[in-house]
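Okay, so the sequence shown: first residue is 68 according to our numbering, each after it adds one.
Each residue gets a CB set at the ideal place from its N, CA and C atoms; glycine is no exception.
Accompanying notes for the structure given below.
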Amino acid sequence: MNKYILFFFSLFLCVGLCLMSCAPTAPDTAGFEAAASVAGDIIATNLMPIVTELSALRATDTPVDNTGFEETDMFPSSHLTRDAAKTYIMNAFTAMGYAPYIVQLGQGALTTYNVVAELSGSTNPNEYILIGSHLDAFYAGADDNGSAVAAMLETARALKSHSFKRSIRFVAFDLEEFGSIGSTRYVEAGYANDVTAAIVMDMVGYASTEANSQDDVMGIKLPNTGDFIFIAGNNDSAEMVQKMTALNSRYGLTKSLGAIASGDGTSFLGSMFMRSDHGLLWYKGIPAVFLTDTANFRNKHYHQTTDVPSTLNPQFLYANTRALAAATALFAGVIQ
Numbered sequence: 068m069n070k071y072i073l074f075f076f077s078l079f080l081c082v083g084l085c086l087m088s089c090a091p092t093a094p095d096t097a098g099f100e101a102a103a104s105v106a107g108d109i110i111a112t113n114l115m116p117i118v119t120e121l122s123a124l125r126a127t128d129t130p131v132d133n134t135g136f137e138e139t140d141m142f143p144s145s146h147l148t149r150d151a152a153k154t155y156i157m158n159a160f161t162a163m164g165y166a167p168y169i170v171q172l173g174q175g176a177l178t179t180y181n182v183v184a185e186l187s188g189s190t191n192p193n194e195y196i197l198i199g200s201h202l203d204a205f206y207a208g209a210d211d212n213g214s215a216v217a218a219m220l221e222t223a224r225a226l227k228s229h230s231f232k233r234s235i236r237f238v239a240f241d242l243e244e245f246g247s248i249g250s251t252r253y254v255e256a257g258y259a260n261d262v263t264a265a266i267v268m269d270m271v272g273y274a275s276t277e278a279n280s281q282d283d284v285m286g287i288k289l290p291n292t293g294d295f296i297f298i299a300g301n302n303d304s305a306e307m308v309q310k311m312t313a314l315n316s317r318y319g320l321t322k323s324l325g326a327i328a329s330g331d332g333t334s335f336l337g338s339m340f341m342r343s344d345h346g347l348l349w350y351k352g353i354p355a356v357f358l359t360d361t362a363n364f365r366n367k368h369y370h371q372t373t374d375v376p377s378t379l380n381p382q383f384l385y386a387n388t389r390a391l392a393a394a395t396a397l398f399a400g401v402i403q
């Protein structure tokens, strides 16, 4: 059987979430072939060095002053870093030929510094596709969130040689781990008002082929083998989820499972799927999808000192980055 076999769940579960790996009805596939071809520009060997370099930088970086945050297993205090990662990402974008800038918001110890780089579109330059991942991390932060930063940076490099109808904005959000502070301020300040669609990633590099390596989420039955990328959306982004899972399946980009939360996805029942920087986009009605390996429901190194590069699956990260590049090209309208 093909390793990209689909998991299709047409059942709406009691928590108001529809799981799928393809659309209940086939989505419009216009632009699929051109978008999928962009995935071929992703270079596998570029990814893990980024994760490794970021993890090494965090070991010597000065932790954020998080006085007042309670120490817990899920959110350990005194171990969050961001400054070195911010500089690394700025330098990486610059080396690719972008002109990155920082959106600074707030004040005091928890001032946020979101790193932004943009690729202008040719037909609808004032419409933006946002690609986001958070730059802050606990400990070495290989999966959380070095993997997503690597996917974003490699996608930015690959897309630089193409032309698109819409503009693309890459954003490395700050202080996601303290409650998505950077992205919340960014959206509240109006910086996402020109965003027509967003793809936000948080942990996209951990996979296992072992049985029972995947936990269910709040009673939602998932495949028990953690070898898929989870793509979550809401009613506003349902078509995005459908197109991404269909694109992944048709061109063998990655093994993906889509989920659509009912309504805007912000109710208590959908709250488990709002644990990252797409959350306020959902609140504001901006179409956004969330890509994740499901964090602590699969990766037991989540927020631990053991979240190091050697625990990641390089091929899984590569596949997910190819899927990201193709989806971005699709929504931005790749021209060449």
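Check, Outcome
"Glu185 in three-state terms, based on DSSP", "strand"
"Contacts around Asp261, its chain only, beta-carbon distance under 8 Å, and the 5 residues preceding and following it disregarded", "Asn193, Glu194, Tyr195"
"Every unbroken alpha helix (DSSP H) inside the region 208-259 [4 residues or more]", "215-226, 248-255"
"Given Leu391 as reference, the closest of Pro290, Ala93, Gly107 once Cα atoms are compared", "Gly107"
"Coarse secondary structure for Phe205, derived from DSSP in three states", "strand"
"Beta-carbon proximity check, Ser316 vs Ala355, cutoff 8 Å", "no"
"Contact the region 202-215 vs the region 366-386: 3+ CB pairs below 8 Å", "yes"
"Whole-angstrom distance between Ile169 and Leu114, CA atom to CA atom", "24 Å"
"Presumed contact (8 Å Cβ cut-off) between Thr276 and Asp294, rounded CB distance", "5 Å"
"Beta-carbon proximity of Ala399 to Arg233, cut-off 8 Å", "yes"
"Contacting residues, own chain, Cβ-Cβ under 6 Å from Thr190 (five flanking each side not counted)", "Lys232"
"Gly325 versus Gly346, Ser343, Asn302, residue with shortest Cα-Cα distance", "Asn302"
"Pair within 8 Å by beta-carbon distance, Asp128 and Ala159", "no"
"Reference Thr359, options Glu185, Pro116, Leu121, Gly199, closest by Cα", "Gly199"
"Bounding residues of the beta strand (DSSP E) (the contiguous stretch that carries Gln382)", "From DSSP, Gln382 is part of no beta strand (DSSP E) but of the alpha helix (DSSP H) over 381-399."
"Where the beta strand (DSSP E) containing Phe99 begins and where it ends", "It is not in any beta strand (DSSP E) - Phe99 instead sits in the alpha helix (DSSP H) that spans 99-105."
"For Ile353, the residue or residues it bridges with in DSSP", "For Ile353, which the question treats as bridged, DSSP gives no partner whatsoever."
"Beta carbon of Ile117 nearer than 8 Å to that of Arg389", "no"
"Under the three-state DSSP convention, the category Ala328 falls into", "strand"
"Own chain, CB closer than 7 Å to Asn69, minus 5 neighbours either side, in chain order", "Bear in mind that the predicted position of Asn69 carries a pLDDT of just 23, short of 50, making it unreliable; the figure below should be weighed with that in mind. Excluding sequence neighbours, Asn69 sits near nothing in its chain."
"Proximity of Asp95 and Arg149 at Cβ, strictly below 8 Å", "no"
"Range covered by the beta strand (DSSP E) that runs through Gln171", "168-172"
"Environment of Glu100 [buried if 16+ CB atoms lie within 10 Å]", "exposed"
"Cys89 in three-state terms, based on DSSP", "Caution applies to Cys89, whose pLDDT of 43 falls short of 50 and renders its modelled position unreliable; the value that the coordinates give is listed next. Coil, per DSSP."
"Continuous beta strand (DSSP E) stretch holding Val118: start and end", "Segment 114-127 is the alpha helix (DSSP H) holding Val118; no beta strand (DSSP E) there."
"Minimum C-alpha distance to Pro130 - residue among Tyr206, Ile287, Ala123", "Tyr206"
"Beta-bridge partners of Leu358, as assigned by DSSP", "Met268, Ile298"
"Per-residue DSSP class, three states only, for Ser280", "coil"
"Identity of the residue in Ala102, Leu384, Val284, Ser250 nearest Tyr350 by Cα", "Ser250"
"Expected contact under 8 Å - CB spacing of Ala264 and Val105 to nearest Å", "About 16 Å separates the two Cβ atoms, so there is no contact after all."
"First and last residue of the uninterrupted alpha helix (DSSP H) at Phe364", "Per DSSP, Phe364 belongs to no alpha helix (DSSP H) and is neither H nor E."
"Cβ neighbour criterion (16 or more within 10 Å) applied to Asn279", "exposed"
"Helix, strand or coil at Thr378 [DSSP, three-state]", "helix"
"8 Å Cβ shell around Arg125 - same chain, five flanking residues per side excluded", "Thr148, Ala151, Ala152, Ala204, Tyr206, Ala207, Gly208"
"Exposed unless 16 or more other CB atoms sit within 10 angstroms - verdict on Ile266", "buried"
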